[in-house]
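So the structure is just underneath, and the comments pick up after that.
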Amino acid sequence: MPYTAHKPPRVRSNEELRAAIPGWGADLDPKDRPSVPKEQFDPEFSGAHWEFPERQPEKWPRERSIEHKFLTPVFGTTTPPKGLSGAIRKYSYKKYSEGRAAHWLLLLAADRVDAWEHHLASFATLRPDNPITETGVLSEFTRHGIASRTGTKRADLNHQWIDPIIVGGPWILAGGLAIAAARRLARLRQT
Amino acid sequence: MRAMVYRGPYKIRVEEKDIPPIEHPNDAIVRVTRAAICGSDLHLYHGMMPDTRVGMTFGHEFIGVVEQVGSSVRNLKPGDRVMVPFNIFCGTCYFCARGLYSNCHNVNPNATAVGGIYGYSHTCGGYDGGQSEYVRVPFADVGPGLIPDWLEDEDAVLLTDALPTGYFGAQLGSIVEGDTVIVFGAGPVGLFAAKSSWLMGAGRVIVIDHLEYRLEKARTFAHAETYNFAEYDDIVVEMKKATDFLGADVVIDAVGAEADGNFLQHVTSSKFKLQAGSPIALNWAIDSVRKGGTVSVVGAYGPLFSSVKFGDAMNKGLTLRMNQCPVKRQWPRLLEHIRNGHLKPSDIVTHRIPLEHIAEGYHIFSAKLDNCIKPLVIPSAN
Ligand SMILES: NC(=O)c1ccc[n+]([C@@H]2O[C@H](COP(=O)([O-])OP(=O)(O)OC[C@H]3O[C@@H](n4cnc5c(N)ncnc54)[C@H](O)[C@@H]3O)[C@@H](O)[C@H]2O)c1
Ligand SMILES: [Zn+2]
Ligand SMILES: [Zn+2]
């Protein structure tokens, strides 16, 4: 009780806990805890044999945070920036530091553009995007979609219904627009 | 090779990609034998993490066999079985030199506020991940560790993130003998945090979630008392009652950016991306810890702002501690605990999904179907 000086009495003694729980108290001594203290100076420990790593070749202008002094010696090379999304990304990196909301909001916007650039491009390939297989939603039928959501109280049911709208909505809209455009074209041809 | 590829929010598929080449003399190429899907991957999958590009391969929990090494690699050779920490780190920068491997400054050009992580967007360095047949592993002399002969693959893959993160989360709590510890979240990280709290001498461990099947695991696997927050009008008051109105000495947030429990907070974060993460669990942690207590945050949040209750944290004189887990630092002690039988990480594995079916694996884990706690991914090459 916080209104008086002493800690509440223990529910179970150390002996009881030791008997019930494997390893209880094995790391009671902070010396046995690997991340205590937080910083431990030991540059040799890691197995590195350099003071500063060799530099990985930069094969295209690699976008980077303006809070960095230079391009880091090692970096990832997957999916270089391309198209409109790439232009937005490069602009965001060049212009805004990580401290600016604009930096992150532009990157999020670029992500949405990137997805639609790829969806549209995929229709010109032998493997167009398929929202049914790519969302894995068919597992609802094989992995107990209904039973998993009934019988107990789950707090996420109040918003799960939004997912199909967010994911499927733009596809239905795009499909509708495509059909309308095709009809229009057909009618124009007839006249 | 076959690899999982992101196609936009909630959409992924398996594609044919080139086997990654060596790009730096200290690189290794690893053939993946087991990977896993992490709660963190869900933040990417839902499109919450800025600069997540279509075409990227996710996956930061994986083990495998060394296929090829760069010219300066000394500590590994082809054929070695390795477990690879989710952090990419150089070993010698200001931060690595002090053991802060998750905060390396030499591996992520895209951001200075976060280190390098496999398959975790360009904001974490733009590296492809291990939910594929092969993966490029930078700083092969520094990151990967040899898997001891006695250690099973499914235990090893959990040593690359989930177990060390839970163990680290308990350390951040600075638990002293007899402390009452509350863990928010009964996912893999929360379950391991609860289990680790006992190792550090907790007197009581309480786990909170809204998924009954996970709370059941918290009782059997982590020996915890449990509460389903969806059953209570106000879980914070319940926690005060449970601690004779003192509050807990230590609270661990093992939920992160997609916390449930408040429609607006969840929807503005997870669905509409107006804040970097739903701070419900974090705010509950701040409110249910005692004054002067410690809140440990291992749940992950994005780089934008979130509406965190900072005033309460300040008025209560709290210590807030947090980080991405420096995985490799945890290994020697965790291997001892596994050997001594204190921990059996693979007890939480519920699903083993062939790489070709990974889209369904993500849906099952994301929608919490089929009593899923930890899904492993099995690449087709084996
Ligand atoms: N710091 C690190 O190094 C690190 C490493 C791995 C994972 N993480 C983060 O840890 C978090 C958990 O990861 P996981 O793999 O266990 O994910 P998970 O999605 O399996 O688990 C999250 C759990 O939290 C529950 N939950 C939701 N809202 C809650 C609330 N308000 N109160 C209590 N519980 C609530 C969910 O039902 C779920 O069981 C994620 O945010 C992940 O990104 C951090
Ligand atoms: Zn993770
Ligand atoms: Zn470093």
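So the sequence lines, in the order shown, correspond to chains A and B.
Per our numbering, residue 1 is the first one in the first sequence, and the count goes up by one each step.
Per our numbering, residue 1 is the first one in the second sequence, and the count goes up by one each step.
We treat Cβ as the ideally placed atom computed from N, Cα and C, and that holds for glycine.
Everything numeric in this text was worked out from a predicted model, so none of it was measured.
- Under a criterion of Cβ atoms nearer than 9 Å, the residues of chain B adjacent to H118/A are, in order, R7, G8, V54 and G55.
- Distance check between E15/B and each of K95/A, D42/A, G47/A and L126/A places L126/A closest, using alpha-carbon atoms only.
- Looking only at T319/B, R352/B and I364/B, the smallest Cα-Cα distance to D153/B is reached by R352/B.
- With the criterion CB distance below 5 Å from any heavy atom of ligand 2, the matching residues run C38/B, S40/B and D161/B along the chain.
- Taking 8 Å as the threshold, the shortest C-beta distance from R81/B to chain A does not fall below it.
- A Cβ-Cβ distance of about 6 Å is found for the pair P20/B and Y134/B, placing them in contact under the 8 Å criterion.
- Spanning the alpha carbons of S307/B and Y213/B requires a straight line of approximately 30 Å.
- Assignment of T57/B by DSSP, reduced to helix, strand and coil, places it in the coil class.
- Around the beta carbon of R183/A, fewer than 16 other beta carbons sit within 10 angstroms, so the residue counts as exposed.
- When CB distances to chain A are screened at a threshold of 8 Å, the residues of the segment 29-53 of chain B falling below it are G47, P50, D51, T52 and R53, in chain order.
- Excluding sequence positions up to five before and after A111/B, its CB lies within less than 6 Å of the CB of T123, all in the same chain and listed in chain order.
- Not one heavy atom of ligand 3 is found less than 7 Å from the C-beta of C325/B.
- Taking a cut-off of 8 Å for Cβ pairs, the segment 265-276 of chain B and the segment 317-331 of chain B do not touch, as fewer than three such pairs fall below it.
- Cβ proximity to chain B below 8 Å picks out V167 from the segment 167-179 of chain A.
- Within the segment 75-95 of chain A, the residues whose Cβ lies closer than 7 Å to some Cβ of chain B are F75, G76, T77, T78, T79 and R89, listed in chain order.
- With a threshold of 7 Å, the Cβ atom of N106/B counts as near ligand 3, since some heavy atom of the ligand is closer than that.
- According to DSSP, residue pairing for T294/B in a beta bridge involves V250/B and T319/B.
- Where E140/A is concerned, the enclosing alpha helix (DSSP H) starts and stops at S139 to T142.
- Of all alpha-carbon atoms in K241/B, A97/B and L158/B, the one lying nearest the alpha-carbon of S288/B is that of K241/B.
- Between Y101/B and L334/B, the C-beta spacing is not below 8 Å.
- Annotation: Cβ neighbours of H144/A in chain B (cutoff 7 Å, chain order): L369 and D370.
- For the C-beta of R2/B, not a single chain A residue is nearer than 8 Å; the gap to the nearest is close to 14 Å.
- Note: P375/B is bridge-paired with H351/B in the DSSP secondary-structure output.
- Using a Cβ-Cβ cut-off of 8 Å, V113/A does not count as an interface residue toward chain B, since no Cβ of chain B sits closer than that to its own.
- Under the criterion of beta carbons closer than 8 Å, E117/A and L71/A do not qualify as touching, at roughly 26 Å.
- Taking the Cα of L108/A as reference, the smallest distance to any Cα among A124/A, S122/A, I21/A and K90/A is reached at K90/A.
- Taking the beta carbon of L100/B as reference, the chain A residues within 8 Å of it are K38 and E39, listed in sequence order.
- Rounded to whole angstroms, the separation of the alpha carbons of R62/A and H363/B is 33 Å.
- In chain order, Y10, K11, A359 and H363 make up the part of chain B whose C-beta sits under 8 Å from the C-beta of T135/A.
- Residue environment for R136/B: buried (at least 16 other C-beta atoms within 10 angstroms of its C-beta).
- Residues of chain A whose Cβ lies closer than 8 Å to the Cβ of M322/B do not exist; the shortest such Cβ separation is about 11 Å.
- Setting aside the 5 residues that flank it on each side, F305/B is surrounded in the same chain by Q275 and A276, each with a C-beta closer than 8 Å to its C-beta; the list follows chain order.
- If you draw a straight line from the Cα of P379/B to the Cα of T165/B, it comes to about 24 Å.
- Taking P30/A as reference, the option from C93/B, L199/B and Y94/B with the minimal CA-CA separation is L199/B.
- P345/B sits buried, since 16 or more C-beta atoms from the chains shown fall within 10 Å of its C-beta.
- Residues of the segment 199-215 of chain B with a C-beta atom less than 7 Å from some C-beta of chain A are L199, M200, G201, G203, R204, H210, L211 and E212, listed in chain order.
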